[in-house]
Ligand SMILES: Nc1ncnc2c1ncn2[C@@H]1O[C@H](COP(=O)(O)OP(=O)(O)O)[C@@H](O)[C@H]1O
Ligand SMILES: [Mg+2]
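In the working numbering, the protein residues as written are 1198 to 1545.
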């Protein structure tokens, strides 16, 4: 019987590409714990996100490559992940948060909070450690949408985030009485948001999703500047007026040099039409992350504190939201690993 050596296996795996990161699994340091025993080979593929949209096809390609090595019988592959840290937050706030991702829109009412909540839950369902920060200080809707209305008791001068569906939550809505008007001035905004990060016991997070205030006014601007973001997602309706607003938002973030992870088109359907967000992504040369259909289950889910990926996981909208969450996760990995001046690939 021919004995198999590790080099032969690694050579085979070195021909398997990670299609989005444009490099092979071995160069990306994704092959771990390679062991050979007789004719059986086992190893772990360490992806950059548990929500990797290509998980299945990468596993299949790796298996085919290894089975092709002479002498190999059984191939055991374990799929694991470690989300890369782009280091932006670490430098500024000393937080154990790997990636902060803002969800923005040109205007209110386009589904920014709905998308933030569902993306956060979908990423947590995929196995990531996720926080959701409601930075929409004028209209904090996240407590209602996630069905949680108070915070646990604080510990040692730190706020303990609430938790729902595996997601850690913080919102101004927890700190003020319902119906109380929220009036903010620029500097207060900035320090409130820093406190929301620094004074909250987030723990280790792969993704912190931030529901930003709508529009391109002072509030979203100062928030985007106060935080070292891994990237921003722009939510728009499919129709022209909303697209103009979205395009203004997009330019604002590009001016601030915040990476635009892409555009999500929400409420696609007969009422608002379809394709506008996709078109805008093409024109602006940013990724299109997906279209979410307009379905009443989405609204009902938000109103009753059960995001549609929980309340109706088999609905079209839930499927579209899960797929958008995978695209977001993939874009974050790509940004982190292909960043200008990135020191070295940062998969730990
Ligand atoms: N895809 C969708 N289908 C149906 N209703 C939706 C959809 N997305 C959002 N909604 C509803 O539209 C309203 C506005 O959404 P919301 O997330 O609060 O917007 P924003 O945060 O941008 O102001 C909410 O009632 C929400 O339930
Ligand atoms: Mg909102």
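Yeah, the Cβ is synthetic: ideal placement off N, Cα and C, and Gly gets one too.
At a Cβ-Cβ threshold of 9 angstroms, residue 1400 and residue 1443 do not count as neighbours. Look at residue 1257: its beta carbon is at least 8 angstroms from all of the heavy atoms in ligand 2.
Contact between residue 1450 and residue 1481 is absent: CB atoms are separated by about 11 angstroms, not below the 8 angstroms threshold. A distance below 6 angstroms between beta-carbons, with the five flanking residues on each side excluded, links residue 1239 to the following residues of its chain, in chain order: 1232 and 1273.
Of the heavy atoms belonging to ligand 1, none sits nearer than 8 angstroms to the Cβ of residue 1337.
CA-to-CA, the gap between residue 1487 and residue 1508 works out to about 21 angstroms. Residue side-chain check: residue 1442 keeps its Cβ at 8 angstroms or more from all non-hydrogen atoms of ligand 1. Of 1293, 1251, 1432 and 1215, the smallest CA-CA separation from residue 1398 is found for 1293.
Here residue 1262 has 1209, 1210, 1212 and 1213 as same chain residues with Cβ atoms under 7 angstroms from its own Cβ, once five neighbours each way along the sequence are excluded. The DSSP-derived three-state label of residue 1232 is strand. In the DSSP assignment, the residues bridged to residue 1241 are 1229 and 1275. Comparing C-alpha distances from residue 1532 to each of 1519, 1498, 1445 and 1430 shows the shortest one belongs to 1430.
Taking a C-beta distance under 9 angstroms as the contact criterion, residue 1329 and residue 1403 do not qualify as a contact pair.
A straight line joining the alpha-carbon of residue 1295 with that of residue 1323 spans about 17 angstroms.
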